[in-house]
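**Student:**
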Amino acid sequence: MIVSTTDFIPGKEIEAILGVARGSTVRARNVGSDIFAGLKNLVGGEIDEYTKLQAHSRDQAMQRMVDDARNLGADAIINVRLTSSMVMQGASEILAYGTAVKIK
4 MIVSTTDFIP GKEIEAILGV ARGSTVRARN VGSDIFAGLK NLVGGEIDEY TKLQAHSRDQ
64 AMQRMVDDAR NLGADAIINV RLTSSMVMQG ASEILAYGTA VKIK
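Going by this note's numbering, the sequence shown opens with residue 4, and the numbers climb by one from there.
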């Protein structure tokens, strides 16, 4: 599956637009990470636990988007975007979306 943030794929011709492909995940922080993050806040620096949580969430949302595009019969996804929103205190959603297309 070709995944691109551009509205075209170099050297390929888009045969059909199949619709929007999307994937999301909602994640919450955990108490252990929050305690460590609080300590890290005192001394400064990157909060590795949250970085890993966000990276895993993005990967999962992207994979779900690719699976959705496959279900639509797509060969590629163009105009891919990621967005996040807070669902409730301590929990956020990561959404990956793009245009599922068939290429020649």
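Idealized CB from N, CA, C, for every residue including glycine.
Please state the DSSP three-state secondary structure of Thr-9.
**Tutor:** Mapped onto the sequence shown, residue 9 falls at position 6. Residue state, collapsed to three classes: coil.
**Student:** When DSSP labels each residue in this structure, what does Glu-52 get in the three-state scheme?
**Tutor:** Position 49 of the sequence shown holds residue 52. In the structure shown, Glu-52 sits in a helix (DSSP, three-state: H, G or I).
**Student:** Would you decide whether Thr-54 is buried or exposed? Buried here means 16 or more other CB atoms lie within 10 Å of its CB.
**Tutor:** As a position in the sequence shown, residue 54 is number 51, starting the count at 1. Burial call: exposed.
**Student:** For Met-4, does the three-state DSSP call read helix, strand or coil?
**Tutor:** Locating residue 4 in the sequence shown gives position 1, where the first residue counts as 1. Met-4: coil per DSSP, three-state reduction.
**Student:** Give every residue of the same chain whose Cβ lies closer than 6 angstroms to the Cβ of Val-6, excluding the five residues on either side of it in the sequence, and list them in chain order.
**Tutor:** In the sequence shown, counting from the first residue as 1, residue 6 sits at position 3. Within the same chain, Val-6 has close Cβ partners Ile-80, Val-83.
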